[in-house]
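One structure is given below, encoded as structure tokens.
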Amino acid sequence: MTINIAIDGPAGAGKSTIAREVAKTLSFIYVDTGAMYRAIALYVLKKGIDPKDQLSVCENCKFAQIELKYENRKQKVLLNGEDVSTEIREEVVGNVASVVARYDEIRKKLNVLSRRLAETTNVVMDGRDIGTVVLPKAEIKIFLTASVDTRACRRFLELQERGENPSLAEIREDIRQRDYQDMHREQSPLYQASDAILIDSSDMKISEVVDEILNICQKRCQI
Ligand code: CDP
Ligand code: CDP
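Just so it is clear: in the sequence shown, position 136 is 136 by UniProt numbering, and no numbers are missing.
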């Protein structure tokens, strides 16, 4: 039997940073499901498809083969055999991902991949609907959040460190819009599962959040 840890929450809450650390400490695999939605978004952008045209996105995306590969536990996302792990990190790709993630056909296709991994490996998986839809029986569910301002500041600093010249106001607006889209869509909206533990990381350091989750793992699963 495998152990599954689900971490959900809005953009910039710290999910990937924290999930990666927890997975490393426990020697689990970290599965970033957002990367798959981003890979679909990249395909849509490259093909010049209007992301809002559901029929066209779903028809065309039948030809987008997504694979997750792990080398030394590090995740790589392949789109039709090509490693797109770096390309998918652009802000525009994240925004389009949030649009195409509304479509049930896309979600079903990606959920199959996520579940297959969780059945065969101990995973820390992050996303928006992991505890509610993808792995409803996950042993541990965390809902990680932080205020919009904190999340916007974190993204701003991250982009500055990458040598970009971002606008804090634009990032804040993007995050606000993405929150709205993710929480109000019909299919698998973002919300806290009734059995998930809420962690608000607005005033917490990365190490404090990681320690809190590791304590929960120790108490619940003796790992
Ligand atoms: O995956 P998600 O969009 O939820 O967030 P992330 O990419 O893991 O984190 C966004 C940024 O916030 C990163 O630069 C993290 O280093 C930073 N962060 C932080 O400063 N404090 C935390 N408690 C969590 C994340
Ligand atoms: O890193 P960040 O939080 O900015 O986003 P991400 O996890 O890379 O996900 C990009 C977009 O994919 C999100 O805004 C969601 O709309 C969508 N997504 C989803 O719907 N369900 C998931 N399990 C993961 C991501």
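Even glycine gets a Cβ: it sits at the ideal position worked out from N, Cα and C.
Beta carbon of residue i nearer than 7 Å to that of residue j
i	j	result
Ser188	Val100	no
Asp83	Lys74	no
Ile209	Ser202	Residue identity differs from the one stated: residue 209 is Val in this sequence, not Ile. Contact: no.
Gln192	Phe156	no
Glu87	Leu78	no
Ala138	Ala13	no
Leu190	Arg151	no
Leu110	Met1	no
Leu26	Ile223	yes
Arg220	Ile140	yes
Residue i versus residue j: straight-line alpha-carbon distance, rounded
i	j	result
Lys205	Tyr30	20 Å
Lys46	Met125	27 Å
Ser114	Thr33	7 Å
Ser194	Ile130	13 Å
Val44	Glu186	21 Å
Ala23	Thr121	12 Å
Phe63	Gln218	43 Å
Asp211	Arg154	20 Å
Leu168	Asn72	35 Å
Ala118	Asp50	32 Å
Leu198	Asn80	37 Å
DSSP state of residue i mapped onto helix, strand, coil
i	result
Tyr70	strand
Thr145	strand
residue 228	What the structure shows of the chain is the stretch from 1 to 223, and residue 228 is not part of that stretch, so it cannot be assessed.
Ile130	helix
Ile29	strand
Leu113	helix
Gln65	coil
Asn165	coil
CB-CB length for residue i against residue j, believed under 8 Å
i	j	result
Val123	Asn4	6 Å
TODO: For the segment 79-99 and the segment 175-187, state whether three or more C-beta atom pairs, one from each stretch, are separated by less than 8 Å.
DONE: yes
- Okay, do the segment 4-18 and the segment 101-114 touch, 3+ Cβ pairs below 8 Å being the bar? no
Note to self: Measuring CB atoms only, is the segment 154-174 touching the segment 49-69, in the sense that at least three cross pairs come out at less than 8 Å?
What the structure shows: no
Self-check item: Meets three-Cβ-pair contact criterion under 8 Å: the segment 170-178 and the segment 36-44
Solution: no
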